[in-house]
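J.: This structure is in structure tokens; I'll ask about it shortly.
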Amino acid sequence: MRKIFKKTICSLLAVTTAAVALAGCNPYDDDEVEIDETKTQLYVYNYNGGYGSKWLDNVKNRFETQFAGYEGENGKVGVQVIVENGKRLGTAYLEVIATDRNEVIFTESIYYYDFVSRGLLCDMGDAVTTPLTEYNETVSIMDKLSVEQQNFYKSGDSVYAVPFRSNVQGITYDMDLFAEGEFYFAKGGAPSEYCEYTQNNNESPASGSFDGDPTNYMDYTFTDGTDANNMSAGPDGKYGTTDDGLPATYDEFFIMCDKMVDNETTPMIWTGQYATNYLNHFMDQLIADYEGLEQFNMYYSFDGTAKHLVDTDALNATGEVSYLPAQTITPGKEGNGYLMSQSAGRYYALQFFERLIKNKDYYDAKSFNQTESHLGAQSDFLYSKWESRNIAMLMEGIWWENEAETAFSELSVHDGSSKLERNFGLMYLPKATEAQIGETSTYADILNSLCMINGNIKEEKKELARQFVRFCFTEESNRAWNVDTGTPRAMEYTLLESDWAQISTFGKRIYNITQENPIGYTYANTTFYKENAKTVAVAATVGFNNPGGAGFANAFKNHADTATAIKIFVDSKDYLKDTGAWS
Amino acid sequence: MSRKVTNRRSWFPIVGFIVFLLFSVFLVIPMLWAMLTTFKTNVEFRTNMFGLPKHWEFSNYQTAIDNFKVQIQYGAGLRTVNLVGLLQNSFLYSIGGTFFFVACHYIVAYCTAKFPYKFSGFVYGFILTLMLVPISASQAATIDLLQTFGLYDNWPGFFFQRFGFTGMYFLILHESIKTTSREISEAAEIDGASNLRIMFSIVMPQMMGMLFTIFLITFIAQWNDYMFPLMYMPTHPTLAYGLYLYNNSGNNAIAASVPLRLSGCMIIFIPMLVIFMIFHDKMMGNLSYGGVKE
Amino acid sequence: MKLFNDLKWKLYDVNVAIHQKMHKQPKGLGKASTRRRNNLIFYISMMALPIIQFVIMWGFTNVNTIILAFKRFDVETGEYYFYGFNNFLQVIKDFTGDHSAVAKYAVVNSVIVYAVNLLIVTPLGLLFSYYIYKKFKGGRVFRTILYIPSIVSSVVMVTIFTYFVENFIPQMMHQLTGRPLELGLLSNPETTFQTLLVYSVFFSFGSTTMIYSSSMSNINQSLVEAAMLDGCGLMQEFLTITIPLCFNIIKLNLATSVTGFFTNTLSLHTFYGLAADESLYTIGYFIQKETLSGASNYPYLSAYGLLMGLVVTPLVFGLKAILDKFDPYMEKTIYGKGRAKK
């Protein structure tokens, strides 16, 4: 017994000695941020995700220079910005913000009204509604936002947060691969070229008619895109625009995919690990594009008149889409909120996914593999050019080039592999039907990323925090953000020539798209949304009562025989009506 | 009288051996694969996922060590806790926290088992009921409380939080203590031993195997726990929290590289493996501590 | 002289009587009373700090949470208002409704997981512990390997396991059979739930087996030797000696594992975060998801906790009472109500 005790004690001693020895080593790095007692400190928190922190360091340096003469308490002159980078977002921040010392917070996945209703945020109304005259601008921060954004963020005369980046998601396509594989549609080479809108809205429309089999890609005409005059009109129905050559309709999109498959090119890849999230978000994009801004907003506000409601009985009987009369949506116990599940945009989006997911040739095998992270999918997409396989499109958010820095760096051994040398574009979304060709493309901002001020900080610091927020959203700051991250802000601003030179092709494309097109937001400021934010967050996307009880993606993948877009669409309405889930 | 010869041949050892072998193979192969992967570059991992590394890349561990750090608020500023600091915190957190945890469980289990007051029965029943009614307080409310009492984000506060007895181990210890020999305790009492003496010198040695087992299980759980330090000890990050941040790193060079991520995992795994290898014999409770010579 | 002697003894008697009166022991201050008082002082002093800790850490924080079960958060005013029993009704509806994912999948999956734990993990754990306790061939090595997953962070194990079943196994099958590369075990819908169960089974043996082994190691070897001499076989020894002598621990595990039905998450959060497919839900994961989804869910979660307590408490106590009937120790409980008075 003594021996055992001795051994145990010796072992414990050994461990303790090791620990003590470690105590002799310095447990802290030498990068301690020391406080400058002569200056006023401003504490800023940054969610250090895909966008990194380089942009905030840039802001910090410029702000400290700009406010070098700031007179604070106790005779302090100047400002020292202390940036804390972390992984706290959404609900996690809700729990700690009241005791957090950070004064300005940049984070995401925020249910704005959860914070506002609890009085956790500082009102920055004056700061964001007053023109930025000290920066030689005539508009305020709020003026740079869209009407929808302004309506959401204003609570009476108060404003408690500002969106600080755009979170659109879509299909990135490899322009070089499209040229090499001749995946662009040629002028007159597709049925949509002869639709009414295209015919009537161009000086030199394609003449004649499409005389091939619309289901056989070999009857279509493709081009490598080198002759700009020989490209199809694309979803906007007009020649000479950026979307020329791209598929104009869902049908054409899958025809293009068929060609890719036959040419040993994998049409698409997305992250398998987060497949459900990414496909849900993309569904929001498709719905937004079909419905348009006003109707898309109703998916979250449940307030207004729904104009594109599908007659589900007729759909079930005939498979054809016919519309019900416009209905005023009134959520509530005896309400008709469930009708929102019958919107046509949702049906067509389900159809799109049915066609996409049921055909395994259309996407990479890893797209449902649990080990394929979003970074892995980006890497596979980038590497495919040099790995004896081609992947033409990536379903991702517009921030992906920033996240893929490592992949770009690893690929630098290959010529022409850098971000500035490769040519990627954000695909203008094809339209659900030919009848929609020419309609404005609407996009959806799918993450709630906000800049806010902690409501529990000292009064005297609130004014400084407001000044910082104003500084963050000047023209200069917005441009700097765009250059540093390659992604646009969620507001209006103009890039200079010098900025363009530093942005990749993809960065330029997404800037143009987000500046020129309406963006819908996946939130609202109605009481219904505030009370049901977490359920409504997937309002547009989740199928209910599907075979396998899964969201639509898993239903199509796992129960291909029984899961159809019609079934999921019709069953959703029945489910919501019976359970009152959207009441 | 002739002695009966016992035939102890049985299928059990053979079947058990085979089952154990298969089980072990299934457990060991993924871990070996993970270990091998840590010696590959990310580029090699893409093309040679399962073979031996063509070039043994030890720099992954250096990179992992260099990036295994947590930034914390320090005074009015910020500082970065490196791997050494995380290790120190982990030891203090695991050993100290576990000590107080086990001590409290033993004390309360001993008192309620050996002193059959009505209150003891009430405590036992209440704990059993508590285990069955999962109420989780909001983090915000708990932080608020800790700050009120000056127990938030400091070691005394943490040890106070760990000095609790609500859990299954209280019930296990309670049952075990009840089955310890009463005669030995009475003999000690007759010899003039105080209650404290009996608790620590007579009963506790009989429980040492169980106590040590609970200590080790709890130690391991504490070592791997990142949520608690994250929520209640944010300026005292541990290795587990460091791993959590490392795996979700904003540094895409790490987040995008499977070998680098697995290297980080190995950093937290290896100290535990060493401690386990030292103590694994003791864990099984093949000790026979007794208070009295037989 | 006789008178003097009588007087002397009379005085002596008075002296003794006075002495007795003055030094009379108060009632209850005999040895037994002192012991009882000392026991009480010891008990109070040892229990004081744990009880204070409990009141502070559990009482203060959770009392308010319990009250929340009857309230609802108003997003417009930021206040909680009285909501009656509606939270409880919502919980019942979620668990029993026709269209509810919880009712359809979570309850069923939880039953499967509980059955697997009860019928596979527990017996196997006991057998593993027995194998190790008997020191059969390779027992020490296997014991070490068995426990390694328990000492590794779940994040690490899930990462390794995921890569193994998603990449290694399909590649291996492809190499061995020549068939086209198939989906990984987690990606393939036909094997996803089973794979998660396998993970749960394989990596949950460690601590349970440790507890059982520790209990087995306290068995008196003289008893075992005597049984051996009487011709007791291995399995007979296991069933008639080992199990009964460890029964109190087994009983406790079985009784408290009922709560596992409601709390087992099958590590879904580690695998999928909050995005696990509904068809994989367990009750524990559903509640965990609700917990992590926002502060406004606390009323619902409180109601769930209270309801669960109402359901589980009688189950556990009932099961414990049934198991007590089989517990060989219950008949010989020496532990009475304190020391018997002489």
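Going down the list, the sequences are from chains A, B and C.
Residue numbering for the first sequence is 0 to 582, as defined by numbering that gives the first Met the number 0.
Residue numbering for the second sequence is 0 to 293, as defined by numbering that gives the first Met the number 0.
Residue numbering for the third sequence is 0 to 341, as defined by numbering that gives the first Met the number 0.
Don't be surprised by glycine CBs; every beta carbon is placed ideally from N, CA and C.
#1: Nearest CA to the CA of B/PHE268: which residue from B/TYR60, B/VAL18 and B/TYR231?
#2: Measuring CA to CA, which of A/ARG87, A/ALA91 and A/VAL58 is closest to A/GLN79?
#3: Where does A/GLU83 fall in DSSP's three states?
#4: Taking 8 angstroms as the cut-off, decide whether the C-beta atoms of A/ASN531 and A/ILE109 are in contact.
#5: Using the rule of at least 16 other Cβ atoms within 10 Å of the residue's Cβ for burial, across every protein chain shown, is C/MET360 buried or exposed?
#6: I'd like the span of the beta strand (DSSP E) that includes A/GLY169, first residue to last.
#7: Does any CB atom of chain C fall closer than 8 angstroms to the CB of A/GLY334?
#8: Look at C/SER278 and C/VAL157 and say whether their C-beta atoms are less than 8 angstroms apart.
#9: Grab the span of the alpha helix (DSSP H) containing A/GLN435 for me, first residue to last.
#10: Give the list of continuous beta strand (DSSP E) stretches no shorter than 3 residues that lie fully inside the segment 87-155 of chain A.
#11: My guess is that A/GLU319 and A/ALA313 are in contact by the Cβ rule of under 8 angstroms, so how many angstroms apart are they, rounded?
#12: Since A/HIS303 is in the beta strand (DSSP E), which residue starts that stretch and which ends it?
#13: Whole angstroms are fine: how far does the CA of C/PHE87 sit from the CA of C/THR290?
#14: In whole angstroms, what is the alpha-carbon distance linking A/TYR183 and B/ASN41?
#15: Kindly give me the distance between the Cβ atoms of A/PHE105 and A/TYR46, rounded to whole angstroms, as I take these residues to be in contact under 8 angstroms.
#16: If we count Cβ pairs, one from each stretch, closer than 8 angstroms, do we get three or more for the segment 66-78 of chain A versus the segment 116-132 of chain A?
#17: Distance cutoff 8 angstroms, beta carbons only. Does B/GLY208 sit that close to anything in chain A?
#18: For C/LYS136, decide whether its Cβ has a neighbour in chain B, counting only Cβ atoms nearer than 8 angstroms.
#19: Using a Cβ-Cβ distance cut-off of 8 angstroms, determine whether B/GLN160 contacts chain C.
#20: For the segment 12-55 of chain B, list the alpha helix (DSSP H) runs that are entirely contained and at least 4 residues long, ordered along the chain.
#21: Would DSSP call A/LYS38 helix, strand or coil?
#22: Does A/THR568 have its Cβ less than 8 angstroms from a Cβ in chain C?
#23: Listed in chain order, which residues of the segment 8-25 of chain B have Cβ atoms closer than 8 angstroms to some Cβ of chain C?
#24: Residues of chain C with CB closer than 8 angstroms to the CB of B/MET271, please, in chain order.
#25: Say whether chain B places a C-beta atom closer than 8 angstroms to the C-beta of A/VAL32.
#26: Does the distance from the C-beta atom of A/ASN453 to that of A/CYS121 stay below 8 angstroms?
#27: Considering C/LYS70, what are the terminal residues of the beta strand (DSSP E) in which it resides?
#28: Have a look at B/LEU86, B/ALA112 and B/TYR73 and flag the residue whose alpha-carbon is nearest the alpha-carbon of A/ASN101.
#29: Tell me C/GLY138's beta-bridge partners as DSSP assigns them.
#30: Nearest by alpha-carbon distance to A/HIS373: which of B/CYS264, B/PRO270, B/MET276 and B/ASN247 is it?
#31: Using a beta-carbon distance cut-off of less than 9 angstroms, what residues from the segment 85-114 of chain C approach chain B?
#32: For the segment 161-191 of chain B, which residues have a CB atom closer than 7 angstroms to at least one CB atom of chain C, in sequence order?
#33: Closer than 8 angstroms is the cut-off here; do at least three beta carbon pairs connect the segment 160-177 of chain A with the segment 421-429 of chain A?
#34: One question on the structure: do A/GLU72 and B/GLY76 come within less than 8 angstroms of each other, judged by their Cβ atoms?
#35: To the nearest angstrom, how far is it from the Cα of B/TYR168 to the Cα of B/LEU127?
#36: Between the Cα of A/SER387 and those of B/VAL18, B/THR46, B/ALA220 and B/ALA102, spot the shortest distance and give me the residue it belongs to.
T.: Result, derived from the coordinates:
#1: Considering only alpha carbons, the answer is B/TYR60.
#2: It is A/VAL58.
#3: Of the three classes helix, strand and coil, the one that applies to A/GLU83 here is strand, per DSSP.
#4: Going by C-beta atoms, A/ASN531 is not nearer than 8 angstroms to A/ILE109.
#5: Not covered by the structure: residue 360 of chain C. The range shown for chain C is 0 to 341.
#6: Note, A/GLY169: beta strand (DSSP E), 168-173.
#7: Chain C, which has no Cβ nearer than 8 angstroms to the Cβ of A/GLY334, makes this no.
#8: Their beta carbons are not under 8 angstroms apart, which means C/SER278 does not touch C/VAL157 by this criterion.
#9: DSSP places A/GLN435 in no alpha helix (DSSP H); its state is neither H nor E.
#10: You should have 103-106.
#11: Yes, they are in contact, since the Cβ atoms of A/GLU319 and A/ALA313 sit about 7 angstroms apart, within 8 angstroms.
#12: The displayed chain sequence assigns Gly, not His, to residue 303 of chain A. Counting along the chain, the beta strand (DSSP E) containing A/GLY303 begins and ends at 303-305.
#13: Those two C-alpha atoms are separated by around 16 angstroms.
#14: So the alpha carbons of these two residues sit roughly 34 angstroms apart.
#15: Correct: roughly 6 angstroms between the Cβ atoms.
#16: Contact between the segment 66-78 of chain A and the segment 116-132 of chain A is absent: fewer than 3 CB-CB pairs across the two stretches fall below 8 angstroms.
#17: Not an interface residue.
#18: Closer than 8 angstroms: yes.
#19: True, the Cβ-Cβ gap to chain C drops below 8 angstroms.
#20: Unbroken alpha helix (DSSP H) runs of no fewer than 4 residues, entirely contained in the segment 12-55 of chain B, are found at 41-46, following chain order.
#21: Coil, per DSSP.
#22: This sequence places Phe at residue 568 of chain A; Thr is not what is there. Put simply, the CB of A/PHE568 is far from chain C, with every gap to its CB atoms at 8 angstroms or more.
#23: If the cut-off is 8 angstroms between Cβ atoms, the segment 8-25 of chain B has SER9, PHE11, PRO12, GLY15, PHE16, PHE19, LEU20, PHE22, SER23 and PHE25 near chain C.
#24: Those are ILE150 and VAL151, listed as they occur along chain C.
#25: Chain B contact via Cβ: present.
#26: Inclusion of A/ASN453 and A/CYS121 in the CB contact set at 8 angstroms is warranted, their separation being smaller than that value.
#27: First-last of the beta strand (DSSP E) with C/LYS70: 70-73.
#28: Out of B/LEU86, B/ALA112 and B/TYR73, B/TYR73 has the C-alpha closest to the C-alpha of A/ASN101.
#29: Listed as beta-bridge partners of C/GLY138 by DSSP are no residues whatsoever.
#30: Comparing Cα positions, the closest option is B/ASN247.
#31: Residues: none.
#32: Taking 7 angstroms as the Cβ-Cβ cut-off against chain C, the residues of the segment 161-191 of chain B that qualify are PHE162, GLY163, PHE164, THR165, MET167, LEU170, ILE171, GLU174, LYS177, THR178 and ARG181.
#33: Short answer: they touch.
#34: Not closer than 8 angstroms, so no.
#35: Rounded to whole angstroms, B/TYR168 to B/LEU127 spans 11 angstroms at the Cα level.
#36: Nearest of B/VAL18, B/THR46, B/ALA220 and B/ALA102 to A/SER387, Cα basis: B/THR46.
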